[in-house]
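Taking it in order: structure first as structure tokens, then the write-up.
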Amino acid sequence: MRNMIQIVGGIAAAGAVAAGATAFTASGVLKDASVASGVAVGGSVSITANEGAKVMSMKVKQTAADPDQLTGVEAVVVAADGSTSLPNSAVVKAKISGTGGTAGAVAWSSCTKATDTYTCNLSGYYTAITAVEIAMIPYTP
Numbered sequence: 000m001r002n003m004i005q006i007v008g009g010i011a012a013a014g015a016v017a018a019g020a021t022a023f024t025a026s027g028v029l030k031d032a033s034v035a036s037g038v039a040v041g042g043s044v045s046i047t048a049n050e051g052a053k054v055m056s057m058k059v060k061q062t063a064a065d066p067d068q069l070t071g072v073e074a075v076v077v078a079a080d081g082s083t084s085l086p087n088s089a090v091v092k093a094k095i096s097g098t099g100g101t102a103g104a105v106a107w108s109s110c111t112k113a114t115d116t117y118t119c120n121l122s123g124y125y126t127a128i129t130a131v132e133i134a135m136i137p138y139t140p
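Residue numbers for the sequence shown, in the numbering used here: 0 to 140.
The following block contains the structure:
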């Protein structure tokens, strides 16, 4: 009976991941930290931020027509202290790496800001995102 409960629990957890558990929430990811769950639709992704930035949370953007088409990321990015908003003069860019789809070569893309949430779009889509780099240009604390 215990094995059956473990199997059912494992299926439920796998279903939750497949059904869009594509976000992580943490107390903050500093430079060169790795996230070991869920950003790349059931896989893992490496997330880095340059000095002075802290990624507080991130989620993958998907198309409504096909959730396997990953079109970018939305990230809450603040100063390294974890609470101060970045100045309006700071430009945030993202380099999103992935496989499959139509996004093509990896390149830096500009992100748009709404409060502390930055939306970074790909020119196409990936079917899996493997790495996200966040950069602020320029940043003066």
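Glycine residues also receive a C-beta, built at the ideal position from the N, C-alpha and C atoms. Computed from a predicted structure; not experimentally measured.
From the listed residues PRO66, ASN49, VAL91, LEU69, the smallest Cα separation to THR114 is found for VAL91. Under the DSSP assignment, ALA74 falls in the beta strand (DSSP E) whose first and last residues are 69 to 78.
Around the beta-carbon of GLY97, 16 or more other beta-carbon atoms lie within 10 Å, marking it buried.
Assignment of beta-bridge partners to ALA130 by DSSP yields SER45, SER96. In the three-state DSSP reduction, SER108 falls in the strand class (E or B). A Cβ-Cβ contact shorter than 8 Å links ALA93 with CYS119. Secondary structure note for ALA64: it is in no beta strand (DSSP E), with a DSSP letter that is neither H nor E. 8 Å or more divides the Cβ of LYS53 from the Cβ of VAL72.
The C-beta separation of ALA130 from ASN49 comes to about 14 Å, leaving the pair out of contact by the 8 Å criterion. Boundaries of the beta strand (DSSP E) harbouring LEU121: 116 to 125, taken from the DSSP string.
Restricting attention to LEU69, GLY103, GLY81, GLN68, the CA atom closest to the CA of SER56 is found in GLY81. With 16 or more other CB atoms across the displayed protein chains lying within 10 angstroms of its CB, THR70 is buried. Sixteen is the threshold: when 16 or more other Cβ atoms of the shown chains lie within 10 Å of the Cβ of ILE46, as they do, the residue is buried.
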